[in-house]
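Written below as structure tokens is the structure these notes are about.
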Amino acid sequence: MSITANDQTKSFCILTDNTEYRMKADGNGILKHIWYGNRVETDMEYLLDFHDVGFSGNIYTSAHERHYSIDTMPLEYPASGCGDFRIPALTVVQSDGSSAADLRFVGYNIRKGKYSIPGLPAVYADENEAETLEIYLKDIASDLFVTLKYGVIARYDIITRSAVISNKGKTDMQLERALSMCLDFTYGEWDRIYFTGRHTMERIPERAPLMHGIQESSGMRGTSSHQHNPSVILCSRDCTETTGECFGAALMYSGSCKTQTEYGQLNETRLVMGINPDLFSWELKRGEDFYTPEAILTYSGSGFEQLSHNFHRVIRNNVCRGRYKKTERPVLINNWEATYFDFDEIKLAEIAQKAAELGVDMFVMDDGWFGKRDSDTSGLGDWVVNESKLKGGLKPLTDKIRKMGLKFGIWFEPEMVSEDSDLFRNHPEWAIRIPGRKPSLSRCQLVLDMTRADVREYLYNAISNVLNSADISYVKWDMNRSICDWYSSVLKREAMGEMPHRYVLGLYELLERLTSDFPDVLFEGCSGGGGRFDAGMLYYCPQIWCSDNTDAYDRTRIQYGTSFIYPISAVGSHVSAVPNHQTGRVTPIEARAVTAMAGSFGYELDLNTLSDEEKSAVKNQIIRFRRYNKLIHNGDYFRLSSPLTDKFAVWQFVAEDKSEALVHGMIYKTESNMLRYPIRLRGLKADTAYRLETDGAVYTGRALMNGGILLPRSMGDYSPIEMHFVEIK
Ligand code: GLA
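Under our numbering, the first residue of the sequence shown is numbered 539, with each subsequent residue one higher.
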């Protein structure tokens, strides 16, 4: 059993293979957090020793125990209003207008298997693979109940958290804040890492020591966003890839998220995460429940590498679903950077033909195939083929492409509408706008009101009609703006604050319906590249276009940041033309290829424009990728350098049985009389001999992990690295 409870002491212990999580309901029923960290198998409560701290008051029944304050002790799910002055996880406006909840323990339940969450994505697991702990809390003065849920997958050192807020009273309440989790630390000086950035430069890790007070990453864009990825790492000051303590949390949510840390008066740290309360309120009517999204937590006592491996394994195996969870993804060619909006079926067929000759598996037709769509100013919402571009509709094109031996994929941006579209002319009320105000436009487009059932029904029918009209194996689900002007004509005034969350629920409902009705279609998420790259979307789409930036140098940094939380199989990554369209940079085609291979691999250019030498390079890259595909997608990933500070980016994949390893990367600049850099490999078997395939040289794992291997001599800038080591049996 991973979860144990002691009924006498009301203590709870969650054990995973390497970690331990402890909490306890004390004599007053206050649920204290006791420990999260390495396995200790001891009651760690001795670490909690408080004295009377002025201005940190006491609950009424402990008025004379002045050391006893909920303002100083570590709590499992703090609510506002009753004496804990730190950031709360829960704020409830009671029916009398007061904002207070004093949550006390009333019971628990432990069962096999992993809980699920109605309407929201959640980690799933077999009955024997996971356990669930539910802890029941109740406000002492009202019929507000909170169920804290903990899911455990012991072999991945993963604990998930979510809360259900229930109004069992006779009057309505209002939620102003209902976060997914709180983690309190009484000890430690921590750094926090947020994954921040902007369009075409997303998820760049930023590490800073916690200062007294609150620091936060707080998204307001209605999506998880390029700017504020819903993930965080807290780590010891000395934490590196292979040493030190770190805690990671990733929210399975695709809307606005808030992550906050508070470094408090006693040098204690609180970490909370959940739906951003700045864009949230919820009428909790009597008899109703509110479900928070799920947070996935892990701890590593041996640096970031283990933390990432834990996240990668759980996301790959217990978040991603469907046929493509395990099967190899097709190598695809996408026409976006090859043609933008300027194409017809002849041009597309030429691109596809060359791709087929060079070994590509699937052709993806990007934006511009529907409605009146010759630029990004019109057409969104009209999901019918533009026959002036594609004569005779989709079928003749897909048939032609199928005959070349390629699968066919197609782009949609379902949640959007252009003002210049039939959909908008027929249903202006479906676009999110505030009556009496001009809406904010972004890329000239408006967002559809996904809280409306009729909008979702329209989109379901429009998309399924297209998918049924031809042989289509893949959908790129794009979303190209941030959301504001929140107003829905189907919501009451009091419920308008619910709209951002209801939008996400509507999106999930539609995705669930389409992915289950089209189980053989591979859905790839996208939002101007990686603007909605989160574990919630990965529940529906096993891969997400990582960034609109296809420049290989920038991609080493974007993919480096992404890899802390998200598995390589989730990263959509393509070789594109040079000079690169986003940066103007010229990088060698092999550097572009090894970078794109750290993901779900493909091309995004017209291969006809390449020289013969480059074409044979492409052919060879595809052969190599197929060979490495399992290793890359199912193996363990190691960051061997930091592309943010080092002169090179080097990363490594190691097979689960350690029988092979692939080192990929890029030396950024070549200098004359260049120094040679040895790079230490990781995760090999020490006493095993490995052969480097390129020159047949043999090294022991011990040598490679201690002395390392010299990076190859580089010529020119962005010089690619590829070294494949195979165990000699
Ligand atoms: C977004 C996507 C791109 C492409 C364009 C099409 O920016 O991220 O890959 O699909 O839209 O408009």
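Glycine included, every Cβ here is placed at the ideal spot set by N, Cα and C. Predicted, not measured: the structure shown is a model, and the values here were computed from it.
The ligand GLA and residue i: does the residue's C-beta get closer than 8 Å to at least one heavy atom of that ligand?
i	result
D1086	yes
G872	In the sequence as displayed, the identity of residue 872 is Asn instead of Gly. Yes, since a heavy atom of the ligand GLA falls inside the 8 Å radius drawn around the Cβ of N872.
S916	no
N1018	yes
K1014	yes
G645	no
W949	yes
S1065	yes
W1083	yes
D904	yes
Taking Cβ positions, are residue i and residue j nearer each other than 9 Å?
i	j	result
V1109	A1136	yes
W728	T807	yes
T629	Y653	no
E957	R1164	no
K562	I572	yes
S838	E754	no
F946	I1010	yes
E672	Y688	yes
V770	I625	no
L721	L748	no
S959	M1017	no
Y1104	F849	yes
G1122	G735	no
A617	D677	yes
R1229	L1178	no
G1044	T989	yes
G802	H750	yes
V1156	L1145	yes
V702	F828	yes
Y615	L686	yes
P1216	L1248	yes
Q1159	Y1175	no
Y674	V631	no
D1023	P977	yes
A1090	T1147	no
A1134	R1093	yes
Determine the burial state of residue i: buried for a count of at least 16 other Cβ atoms within 10 Å of its Cβ, exposed for fewer.
i	result
R824	exposed
Y598	exposed
Y1012	buried
G635	exposed
G943	exposed
L979	exposed
I1161	exposed
N705	buried
S1107	buried
E800	buried
P659	buried
D640	buried
E1032	exposed
K933	exposed
Q546	exposed
S1054	exposed
Could you round the C-beta distance between residue i and residue j to whole angstroms and report it? I think they count as a contact, below 8 Å.
i	j	result
G1203	V1188	4 Å
G909	V922	7 Å
T915	A692	Not a contact, Cβ separation roughly 53 Å.
L918	M954	4 Å
A876	L1143	5 Å
R762	S792	For the record, residue 762 in the displayed sequence is Ser; it is not Arg. Right, their Cβ atoms sit about 5 Å apart.
P831	S718	5 Å
N873	F881	6 Å
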